[in-house]
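Enquirer:
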Amino acid sequence: MTRMLTLILACTFLAACGGGANGSGFSSDGPVTNAGWTTSAMEYRGQNGVIVGYECAPNPDRVAVGTVWGTGTYSDDSSVCAAGVHAGAITFAEGGVVVFEALAGQESYTGSNQNSVESANWPSWQGSFSILQ
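Numbering follows this note's numbering, with no gaps: position 98 of the sequence shown is 78.
1) If contact is defined by three or more beta carbon pairs under 8 angstroms, each pair taking one atom from either stretch, is the segment 43 to 60 in contact with the segment 78 to 95?
2) Drop a sphere of 10 angstroms on the beta-carbon of G75, count the other beta-carbons inside from all chains shown, and report buried for 16 or more, exposed for fewer.
3) Would you list, in sequence order, the uninterrupted beta strand (DSSP E) runs of no fewer than 3 residues that lie entirely inside the segment 22 to 75?
4) Identify every residue that forms a DSSP beta bridge with W102.
5) Are the beta-carbon atoms belonging to V48 and S99 less than 8 angstroms from one another?
6) Return the CA-CA distance between N28 and V60, expressed in angstroms with no decimal places.
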């Protein structure tokens, strides 16, 4: 129920749900920020519950892709775009909008290999985020 409410709020925040042009399910017409492949979520540390959209340009050659720490919940110094690929929200080939929620820090982050992105383990960190879409 909480996850559904969060997704509804994300739809409202981004001004549209449905088949966005990038296939993400969200229109990029809403208030999203253009992000590079090394852009993190650190500027939202301490703003727990804030929902943000980052527009990630296609990067089929995987040039200058930032590091990702965690699975499901990522440390806020992770690349949001790369975490979006890891979570299955976008692809390197097509890019798209990654919608995430700022969260409190975690005691630890467990890495994994998903969708051709290898995330790493990390101990306690001050801020986190979770990919919503």
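In this text, a Cβ means the ideal position worked out from N, Cα and C, and glycines have one as well.
Expert: So, from the listed chains and residues:
1) yes
2) What you label residue 75 is simply residue 95 of the sequence shown in a count that begins at 1. G75 is buried by the Cβ-count criterion.
3) 31 to 36, 53 to 55
4) Position 122 of the sequence shown, counted from the start, is the residue given in the question as residue 102. According to DSSP, which records beta bridges pairwise, W102 is partnered with Y89.
5) Within the sequence shown, the letter at position 68 stands for residue 48. Within the sequence shown, the letter at position 119 stands for residue 99. For V48 and S99, yes; Cβs fall inside 8 angstroms.
6) Numbered from 1 along the sequence shown, position 48 holds the residue referred to as residue 28. Numbered from 1 along the sequence shown, position 80 holds the residue referred to as residue 60. Their Cα atoms are separated by approximately 16 angstroms.
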